[in-house]
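All remarks here apply to the structure that follows.
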Amino acid sequence: MYSRTFYIKQWIDEEDFKRLLLFSRYLGRDTNGSQFMIDLERAKRNRIKLDDIVETLESLNVKLSQEDLNKLKD
6 MYSRTFYIKQ WIDEEDFKRL LLFSRYLGRD TNGSQFMIDL ERAKRNRIKL
56 DDIVETLESL NVKLSQEDLN KLKD
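Counting in my numbering, the sequence shown runs from 6 upward without gaps.
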């Protein structure tokens, strides 16, 4: 199963946090910011599409590589 963690450096509001939790798990906060892990099973349960994941992450300045995108599509 594909696993990808990412950081959000800026402070996020409750609405963005709830959107992130539709497709990822919150792992905590450290000096790098808030850490999350993409959870594809959670995304499927919440009917979140790949485009929605990418759009949400890009709006929060999180960039996925082409390799990440290919793995998410599988």
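Heads up, the beta-carbon is just placed ideally off N, CA and C, and yes, glycines get one too. These figures come from a predicted structure and were not determined experimentally.
- Task: Measure how close the beta-carbons of ILE13 and SER29 come, nearest whole angstrom, since I'm counting them as under 8 Å.
- Result: Translated into the one-based positions of the sequence shown, residue 13 becomes position 8. Translated into the one-based positions of the sequence shown, residue 29 becomes position 24. That pair is no contact at about 10 Å.
- Query: Whole-angstrom Cβ separation of LEU69 and VAL59, contact assumed at under 8 Å?
  - Reply: Taking the sequence shown and counting its residues from 1, one reaches residue 69 at position 64. Taking the sequence shown and counting its residues from 1, one reaches residue 59 at position 54. Yes, LEU69 and VAL59 are in contact; Cβ-Cβ is about 6 Å, under 8 Å.
- Length of the line joining the Cα atoms of ASN75 and ASP56: Counting from one through the sequence shown, the residue named residue 75 turns up at place 70. Counting from one through the sequence shown, the residue named residue 56 turns up at place 51. Taking the Cα positions, ASN75 is about 12 Å away from ASP56.
- Message: By alpha-carbon positions, which one of LEU27, TRP16 and GLU20 ends up nearest to THR36?
- Response: Translated into positions along the sequence shown, residue 36 becomes position 31. Ranking LEU27, TRP16 and GLU20 by CA distance to the CA of THR36 puts TRP16 first.
- Taking only runs of the beta strand (DSSP E) that begin and end inside the stretch 24 to 71, which ones reach a length of at least 3 residues, in chain order? If you keep only unbroken beta strand (DSSP E) runs of at least 3 residues inside the stretch 24 to 71, you get 29 to 35 and 38 to 43.
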